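Below is one structure, written out as structure tokens, with a few remarks after it.
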Amino acid sequence: MFISRWTQAMQPTDADIARLVEVQIQDHGIVGNARVNRRVTGRILNLAEGNFLWTHLVLEELQHCHTEDSMNDAVDSLPHGIERLYQRMVSLLSANWKDGDKELAKAILTWAACSRYPLTI
């Protein structure tokens, strides 16, 4: 027996991601220069591929940039895709860790990435 029901697939759009970027820039004061804001927004839109999580994580990284030069460097080095972003995040986090810490972090990230349900501590 089949039950038919109406469904609607949600399609993220560039306009939605652009709005997210705009709001984050305004709320967190990521950058102050309109030209840099346009460049950041354009670069994020080109690389986001409709992925809101990627966009959110990138915007969190950009909050640590305090000069136009550091912002430009960060935007120029944005990775393509969520997997590369995760790889870069792990590399940055583990740069000064001991071997045991690296293995623990890798295990935690594996559990978090593969979990079907929210995890609690």
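If you count the sequence shown from 1, you need to add 801 to reach this note's numbering. Even for Gly, the Cβ is constructed at its ideal location relative to N, Cα and C. Quick caveat: nothing in here was measured; it's all calculated off a predicted structure.
Classify residue i: buried if its beta carbon has 16 or more other beta carbons within 10 angstroms, exposed otherwise.
i, result
"Gln825", "buried"
"Thr842", "buried"
"Leu863", "buried"
"Leu879", "buried"
"Ile922", "exposed"
Looking only at its chain, what residues have a beta carbon closer than 7 angstroms to the beta carbon of residue i, apart from the 5 residues adjacent to it on each side?
i, result
"Trp855", "Ala849, Ile883 and Leu886"
Counting along the chain, where does the alpha helix (DSSP H) carrying residue i start and finish?
i, result
"Leu848", "Ala835 to Ala849"
"Lys907", "Asp900 to Cys915"
"Thr856", "Phe853 to Leu863"
"Ile818", "Asp815 to His829"
"Ile883", "Ile883 to Ser895"
Leaving aside the five residues before and after residue i along the sequence, list all residues of the same chain whose C-beta is less than 6 angstroms from its C-beta, in chain order.
i, result
"Arg889", "Pro880"
"Leu910", "none"
Grab me the residues of residue i's own chain with a C-beta within less than 8 angstroms of its C-beta, minus the 5 sequence neighbours each way, in chain order.
i, result
"Arg917", "none"
"Val822", "Val841, Thr842, Ile845, Leu846, Thr856 and Leu860"
"Ala906", "Val891, Leu894, Ser895 and Trp898"
Pick out whichever of the options has its Cα sitting closest to the Cα of residue i.
i, options, result
"Asn847", "Asp874, Asn873 and Ala819", "Ala819"
"Phe853", "Asp828, Val876, Gln827 and Asp815", "Asp815"
"Leu858", "Glu869, Val876, Thr868 and Asp870", "Val876"
"Asp817", "Gly851, Asp900 and Ser805", "Gly851"
Check the C-beta distance from residue i over to residue j and give it rounded, since I have them as a contact under 8 angstroms.
i, j, result
"Leu920", "Ala913", "6 angstroms"
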